[in-house]
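Inspection log for the structure reproduced underneath, given as structure tokens.
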Amino acid sequence: MVQFMVGTKGEGKTKKLIDRANDQLKTTDGNLVFIDDDRRTSSGLHFSIRFVEAGKGQLSNYREFIGFLVGILAMDNDVKTVYIDGLTNIIKTLDAECLVKLSKKLQALSQREDVEFIICLNWPVDEVPEEIKALQA
Numbered sequence: 012m013v014q015f016m017v018g019t020k021g022e023g024k025t026k027k028l029i030d031r032a033n034d035q036l037k038t039t040d041g042n043l044v045f046i047d048d049d050r051r052t053s054s055g056l057h058f059s060i061r062f063v064e065a066g067k068g069q070l071s072n073y074r075e076f077i078g079f080l081v082g083i084l085a086m087d088n089d090v091k092t093v094y095i096d097g098l099t100n101i102i103k104t105l106d107a108e109c110l111v112k113l114s115k116k117l118q119a120l121s122q123r124e125d126v127e128f129i130i131c132l133n134w135p136v137d138e139v140p141e142e143i144k145a146l147q148a
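Here the sequence shown stands for residues 12 to 148, where the numbers follow our numbering.
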């Protein structure tokens with residue numbers, strides 16, 4: 012499953028994402044991964060959640076991001092959910108078309124690896140492609 016939490020900066024999406032990850036930790040039988048563009052959010056996460064700092068603009072496009080995720084999943088077969096914050100800062104170029112392509116790749120990866128992806132997306136709700144609106148949490 013792939014879900015997007017969409018809205019503009021300052022709407023509390025990151026806090027909700029952190030709370031959701033911490034709450035899921037109480038009931039999951041696997042590992043959780045939290046990916047962010049910087050370390051600001053890491054202090055709010057339970058220490059059992061694996062935090063990965065992806066760096067600002069480290070990845071050029073959505074294909075590189077998929078490769079990055081595949082690498083993380085290859086290192087741990089017990090990952091149940093990957094939380095992603097700061098996506099528009101992690102990937103240098105992410106327009107609406109690439110976002111739709113990314114969501115399709117994530118859906119295929121989710122099914123193949125039995126992993127859930129929950130993503131915070133700083134994007135005006137009225138400008139989000141319909142394919143992404145259908146995946147909103």
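All C-beta atoms, glycine included, are put in the ideal place defined by N, C-alpha and C.
Check whether residue i and residue j have beta carbons under 8 Å apart
| i | j | result |
| --- | --- | --- |
| A107 | P140 | yes |
| F62 | F45 | yes |
| L43 | I60 | yes |
| F15 | Q122 | no |
| D48 | A65 | yes |
| I143 | V111 | yes |
| Q8 | I95 | No answer is possible for residue 8: it lies beyond the span of the chain, which begins at 12 and ends at 148. |
Residue i (DSSP reduced to helix, strand or coil)
| i | result |
| --- | --- |
| N72 | coil |
| K91 | strand |
| G78 | helix |
| I60 | coil |
| D47 | strand |
Chain D within 8 Å of residue i, Cβ atoms only
| i | result |
| --- | --- |
| K144 | Checking the listed chains, one finds no chain D in this structure; it contains a single protein chain. |
Cβ neighbours of residue i in the same chain (closer than 6 Å, five flanking residues each side left out)
| i | result |
| --- | --- |
| N72 | T104 |
| L113 | Y73 |
Alpha carbon of residue i to alpha carbon of residue j, nearest angstrom
| i | j | result |
| --- | --- | --- |
| V17 | T99 | 12 Å |
| E138 | A32 | 27 Å |
| Q35 | V13 | 16 Å |
| L120 | V126 | 8 Å |
| A85 | E124 | 10 Å |
| K115 | D89 | 23 Å |
| G97 | T25 | 9 Å |
| R50 | C131 | 16 Å |
| K37 | E75 | 32 Å |
| G82 | G23 | 29 Å |
| I129 | C109 | 17 Å |
Neighbourhood of residue i by C-beta, 7 Å cutoff - its chain only, sequence neighbours within 5 removed
| i | result |
| --- | --- |
| Q118 | V13 |
| G41 | D89, V90 and K91 |
| N133 | T19, K20 and T99 |
| K6 | In the structure as shown, the chain starts at 12 and stops at 148, and residue 6 therefore has no counterpart that could be examined. |
DSSP bridge partner residues for residue i (one or two, in chain order)
| i | result |
| --- | --- |
| Q10 | Residue 10 is absent from the model: the chain starts at 12 and stops at 148. |
| N133 | G18 |
Cβ shell of residue i (< 8 Å), same chain only, five flanking positions each side left out
| i | result |
| --- | --- |
| T39 | K91 and T92 |
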